[in-house]
Amino acid sequence: MTALLEVIGLSGGYEPVQIFKDVNLTVGAGECVGFFGPNGHGKTTLMKTLSGIIDPWAGRIVFEEQDLAAPGERKARRSRNLNYDILVRRRMDPKKVARAGLIHVAQGSTLFPDMTVAEILSIAPGVALAAGRKPEPDAVFSLFPRLKERLQSKSRFLSGGERQMLSMACGLLAVPKLMILDEPTLGLSPKLRQELADAVHAIRRAGTPIILIDQDIEFLRGLVDHLNVFDHGSISRRLTNAQIPDHETLMAELFGRRQG
Amino acid sequence: MELSAFIAVLTGGLVLGVLYSLMAFGLALVWTTLGIFNFAHGAFIVLGAYIAWQIGNPDAFGLGFLVSAVVTVIAMFVIGVIFQFLLVKPFERKPNIVLLTVITTLAGATVLINLINVMWGPRSKQIVLPASGDLSLGLFRITANEGLMVLIVTLTLATLGWFLLKTPLGRSMRAVAQNREAAQLMGLNVPLLYAATFGLAAALAGLAGVFIGSIRFMTPNMGDDPLQKALVVVILGGVARFTSPIYAAFLVGIIEAFSTYAVGLYWTPAVLFVLMIAVLVVKPEGLFGRRERSV
Ligand SMILES: Nc1ncnc2c1ncn2[C@@H]1O[C@H](COP(=O)(O)OP(=O)(O)O)[C@@H](O)[C@H]1O
Ligand SMILES: [Mg+2]
Chain A
423 MTALLEVIGL SGGYEPVQIF KDVNLTVGAG ECVGFFGPNG HGKTTLMKTL
473 SGIIDPWAGR IVFEEQDLAA PGERKARRSR NLNYDILVRR RMDPKKVARA
523 GLIHVAQGST LFPDMTVAEI LSIAPGVALA AGRKPEPDAV FSLFPRLKER
573 LQSKSRFLSG GERQMLSMAC GLLAVPKLMI LDEPTLGLSP KLRQELADAV
623 HAIRRAGTPI ILIDQDIEFL RGLVDHLNVF DHGSISRRLT NAQIPDHETL
673 MAELFGRRQG
Chain B
-12 MELSAFIAVL TGGLVLGVLY SLMAFGLALV WTTLGIFNFA HGAFIVLGAY
38 IAWQIGNPDA FGLGFLVSAV VTVIAMFVIG VIFQFLLVKP FERKPNIVLL
88 TVITTLAGAT VLINLINVMW GPRSKQIVLP ASGDLSLGLF RITANEGLMV
138 LIVTLTLATL GWFLLKTPLG RSMRAVAQNR EAAQLMGLNV PLLYAATFGL
188 AAALAGLAGV FIGSIRFMTP NMGDDPLQKA LVVVILGGVA RFTSPIYAAF
238 LVGIIEAFST YAVGLYWTPA VLFVLMIAVL VVKPEGLFGR RERSV
């Protein structure tokens, strides 16, 4: 059986600052893979690269045996004096990634502040329909009943939790074959955290493969098959679910490593 | 000021407002969506006027007003798309895109104006509108041609509003304008939507040109004044919602009409610019704008 997603030697960042380096990652069919690591070490940047928002500097991203990144290294700085990009090919196309079914639910996205929930939900399934996948709005609404009450609100008037629900709902309407959830419970009250954590569990039970980034080890333990510890721009450890230590131990190890 | 004079000035202001909303709408659309200021907007207006003259006028192809307006709108859409592809898109990933595109759109405008000079010459022309006579409603009195313009512009903007609010493509265009990254993650075709937005803005500029070319005598350099007016309107109104430039356009039209009556044509631009500077000082996001989104 071949892997769903295979990332080989991926490096990238925000020109000219490199954020992550030589990342290798495999997500098998039906798997849920977790990421855990300190803030600001490049998890979000890595995910943005997977979804094509920023171009990788080197490496390959293979999704369902389709190469998502155009081959080759980042353009050498030869073109530094030519400020005209018309012939420079992008290495990644986010539309192609989303069409392929790799759907990224961004961290703390504000979505479209001046559009109503109904309007946003109306355009979200477009990519799935274009790719011949069938969205199921009813399932999404039963997962997030609260959105049904806020259909006519502009998204800038939503609370943080509601906005996160809307983000995830949009992701689900795109009918993901692999869903990236970047800190879906960040900055929410315990009650809302639980609500969203339940939603993630429900998505998982429905069989959707997930890459889940979170700061809550217990939440991750309850969901993931593998956990990648990500710090200083690379995966420093790969743990199976059984190997996941408790929060204190893991933090101590990370903290220790940094000082050593 | 007598009531009849007041009404006449107000009517003039409202008619100007209609024209200005058409001129400013496209500029604001590009500004919010692509995050750049298109200095070629004035040149688009001029080019639209000349294309319409060429197609419609009895001295040229003579196909009549309606055909000329339709051809102009389509041609300007295509020209806008090409313009964006050559002069805006290549700088999309540069951090200093705003400054770069100030230069490239100014350069593009210069090229367009000179092309117009070469093709049609500097002598002034005028577009002949089909209607004649006056329309009146109580004390409000406008020429039939002004009425035609009000009708066409209102229909155009209403259609555009419907398009942006109700159709998937229009909603996608608003989505890209409000959050490019989220739109990309949704799998929207951002390059296509950028091109369509720029084309649409150019098409609206072209339509504005058709009317300006009928109100005034056309010369290749007539684009500066509309560009200035559109700039004032966009800054005054802000760009948070696509309706803000429309309100601001009417405000500017009415202020211009009354200021022309009170202090004369000569001082009116000064009045408008003082107003614009005052707004920039006090409420930089525009009278109808919100603080979050300012480019
Ligand atoms: N748009 C950006 N431009 C430049 N640097 C950025 C940008 N976004 C994030 N960074 C930097 O990249 C690093 C990694 O950030 P991020 O990927 O968000 O980490 P994480 O998700 O692990 O918290 C941080 O040092 C951050 O300051
Ligand atoms: Mg992050």
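Respectively, the protein sequence lines represent chains A and B.
Its first residue numbered 423, the first sequence is counted upward by one per residue in the numbering used here.
Its first residue numbered -12, the second sequence is counted upward by one per residue in the numbering used here.
For glycine and all other residues, C-beta sits at the position ideal for the given N, C-alpha and C.
C-beta contact flag for residue i and residue j at 8 Å
| i | j | result |
| --- | --- | --- |
| Q165 (chain B) | F534 (chain A) | yes |
| L262 (chain B) | I242 (chain B) | yes |
| A36 (chain B) | I114 (chain B) | yes |
| V445 (chain A) | L432 (chain A) | yes |
| A491 (chain A) | A550 (chain A) | no |
| L426 (chain A) | P631 (chain A) | yes |
| G464 (chain A) | I441 (chain A) | yes |
| F485 (chain A) | L524 (chain A) | yes |
| P207 (chain B) | G29 (chain B) | no |
| M160 (chain B) | C592 (chain A) | no |
| R158 (chain B) | S589 (chain A) | no |
| V75 (chain B) | T97 (chain B) | no |
Alpha-carbon spacing of residue i relative to residue j, whole angstroms
| i | j | result |
| --- | --- | --- |
| S564 (chain A) | P547 (chain A) | 17 Å |
| V33 (chain B) | I66 (chain B) | 13 Å |
| L580 (chain A) | A(-5) (chain B) | 47 Å |
| I542 (chain A) | F78 (chain B) | 29 Å |
| I199 (chain B) | V5 (chain B) | 12 Å |
| L603 (chain A) | S658 (chain A) | 20 Å |
| A182 (chain B) | F72 (chain B) | 7 Å |
| M587 (chain A) | R572 (chain A) | 11 Å |
| M537 (chain A) | H526 (chain A) | 20 Å |
| E605 (chain A) | G224 (chain B) | 38 Å |
| S577 (chain A) | N104 (chain B) | 49 Å |
| V197 (chain B) | W40 (chain B) | 8 Å |
| A540 (chain A) | L614 (chain A) | 22 Å |
| K216 (chain B) | E272 (chain B) | 18 Å |
| L102 (chain B) | I69 (chain B) | 16 Å |
| F641 (chain A) | S8 (chain B) | 54 Å |
| I483 (chain A) | L472 (chain A) | 7 Å |
| G276 (chain B) | G644 (chain A) | 46 Å |
| L(-3) (chain B) | S55 (chain B) | 30 Å |
| M205 (chain B) | A192 (chain B) | 15 Å |
| L676 (chain A) | M469 (chain A) | 21 Å |
| F(-7) (chain B) | D211 (chain B) | 29 Å |
| E617 (chain A) | E584 (chain A) | 11 Å |
| A520 (chain A) | Y436 (chain A) | 22 Å |
| T141 (chain B) | F12 (chain B) | 12 Å |
| D507 (chain A) | A257 (chain B) | 40 Å |
| P117 (chain B) | L218 (chain B) | 30 Å |
| G49 (chain B) | G43 (chain B) | 5 Å |
| V2 (chain B) | T184 (chain B) | 26 Å |
| A195 (chain B) | T532 (chain A) | 35 Å |
Residue i classed as buried or exposed, judged by whether at least 16 other C-beta atoms fall within 10 angstroms
| i | result |
| --- | --- |
| V439 (chain A) | exposed |
| D636 (chain A) | buried |
| V282 (chain B) | Because the pLDDT at V282 (chain B) is just 32, under 50, the model does not fix this residue reliably, and the value given afterwards should be weighed accordingly. Exposed, because fewer than 16 other Cβ atoms sit within 10 Å of the Cβ of V282 (chain B). |
| F293 (chain B) | No answer is possible for residue 293 (chain B): the residues shown for chain B start at -12 and end at 282. |
| R500 (chain A) | With a pLDDT of 48 at R500 (chain A), under the threshold of 50, the predicted position of this residue should be treated as unreliable, though the coordinate-derived value follows. Answer is exposed; the Cβ neighbour count stays below 16. |
| R511 (chain A) | exposed |
| L(-10) (chain B) | exposed |
| M106 (chain B) | exposed |
| K153 (chain B) | exposed |
| W149 (chain B) | exposed |
| Y234 (chain B) | buried |
| K517 (chain A) | buried |
| A528 (chain A) | buried |
| V269 (chain B) | exposed |
| H623 (chain A) | exposed |
CA nearest to the CA of residue i, picked from the options
| i | options | result |
| --- | --- | --- |
| V646 (chain A) | A:G434, A:G456, A:F442, A:V449 | A:G456 |
| G0 (chain B) | B:A188, B:E133, B:L274, B:G148 | B:E133 |
| G629 (chain A) | A:D638, A:K599, A:Y506, A:L618 | A:K599 |
| F260 (chain B) | B:A62, B:N44, B:V220 | B:V220 |
| L16 (chain B) | B:A189, B:V177, B:L86 | B:A189 |
| L594 (chain A) | A:T607, A:L610, A:N663, A:P559 | A:P559 |
| S201 (chain B) | B:V89, B:A131, B:A170, B:L93 | B:A131 |
heavy atom of ligand 3 below 7 Å from residue i C-beta
| i | result |
| --- | --- |
| K112 (chain B) | Of the ligands this structure carries, namely ligand 1 and ligand 2, none is ligand 3. |
| Counting Cβ pairs, one atom from each stretch, are 3 or more of them under 8 Å apart for the segment 248 to 255 of chain B and the segment 226 to 240 of chain B? | As far as the Cβ criterion goes, the segment 248 to 255 of chain B does not touch the segment 226 to 240 of chain B, which means the pair count is below three.
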